[in-house]
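Heads up: the sequence shown begins at 1 in UniProt numbering, then just goes up one per residue.
We put the beta carbon where it would ideally sit given N, CA and C, even for glycine.
All values derive from a computational prediction rather than experimental measurement.
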Amino acid sequence: MSMARCCFTRWTPQNSILFVCDMQEKFRPNIHAFAEITQVSKRLIEAAKILGMRTVVTEQYPKGLGNTVPELKEVLTPDTPIYDKTKFSMCAPLQPKDLEGIKNVLLVGIEAHVCVLQTTHDLLDKGVDVHVIVDGVSSRSRTDRKYAFKQMERAGANLTTSECVILGLLGGSDHPKFREVQKLIIQSAPDTGLVHKL
């Protein structure tokens with residue numbers, strides 16, 4: 001079992017990776033605020049691309065549940081790994097190179113109480129700091145979502161927001177890519193209506 005840690009490594013595009021968990025077509029009708037978390041995930045993928053940060057995507061049993069939604073697929077770089085999985089944790093299909101040099105995983109997707117939670121536990125067990133982006137994570141049930149966040153935080157994950165992560169990766173307005181990234185966040189992230197229900 002992971003021990004909760006009191007401090008985290010500062011995010012940089014070099015020491016961080018974005019994990020996008022199971023944002024698939026078949027889940028669209030059943031997940032609370034699916035459109036909003038898709039939009040948040042898209043902003044993060046675009047920010048990662050601008051900053052040269054890696055992204056990993058998983059699909060849970062795509063033969064039955066469909067592929068990653070087109071809104072996200074269209075903004076992924078051609079070399080982004082998209083792994084099929086049947087285990088709940090995103091760590092199951094990872095290749096050793098995926099976490100090379102990585103201290104921080106920025107995590108979005110579904111469902112909070114299953115795949116996101118089990119991925120968080122596995123990453124913490126590997127000694128990687130996990131930052132769960134609460135405006136980019138949901139479940140079918142608000143109750144499951146609420147208690148998943150409590151479990152993840154108790155295990156040692158950091159709960160944060162998409163805008164906090166994007167600006168944290170930049171570090172300041174003097175970053176050479178600041179203006180490019182700023183265009184992504186000039187409008188506030190969509191309100192999922194879920195965060196205040198934590």
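- In this structure, 137 is the residue among 184, 170, 137 and 165 with its C-alpha nearest to the C-alpha of residue 32.
- Counted as a single uninterrupted DSSP element, the beta strand (DSSP E) harbouring residue 137 occupies residues 129-138.
- When C-beta atoms of the segment 66-76 are compared with those of the segment 101-109, fewer than three pairs fall below 8 Å, so the two segments do not count as touching.
- Here the C-alpha atom of residue 173 lies approximately 31 Å from the C-alpha atom of residue 124.
- Using a 10 angstroms sphere on the CB of residue 9, the tally of other CB atoms stays under 16, which defines it as exposed.
- Note on residue 143: under 16 other CB atoms within 10 angstroms of its CB, so exposed under the neighbour-count rule.
- Note on residue 86: under 16 other CB atoms within 10 angstroms of its CB, so exposed under the neighbour-count rule.
- Out of 155, 12, 62 and 163, the CA that lies nearest to the CA of residue 25 is found in 62.
- Less than 8 Å divides the Cβ of residue 47 from the Cβ of residue 181.
- Taken through DSSP and simplified to helix, strand or coil, residue 144 comes out as helix.
- Restricted to the UniProt domain "Isochorismatase-like" (16-163), the beta strand (DSSP E) segments that are unbroken, complete and at least 3 residues in length are 16-21, 54-60, 82-85, 104-110, 129-138 and 158-160, listed in chain order.
- Classified as exposed, residue 96 has fewer than 16 neighbouring CB atoms from the shown chains inside 10 Å of its CB.
- By the neighbour-count definition (other C-beta atoms within 10 Å, threshold 16), residue 179 is an exposed residue.
- Secondary structure of residue 186 (DSSP, three-state): coil.
- For residue 176, there are no CB contacts under 6 Å within the same chain when 5 residues up- and downstream are skipped.
- DSSP places residue 10 outside both helix and strand once states are collapsed to three, so it counts as coil.
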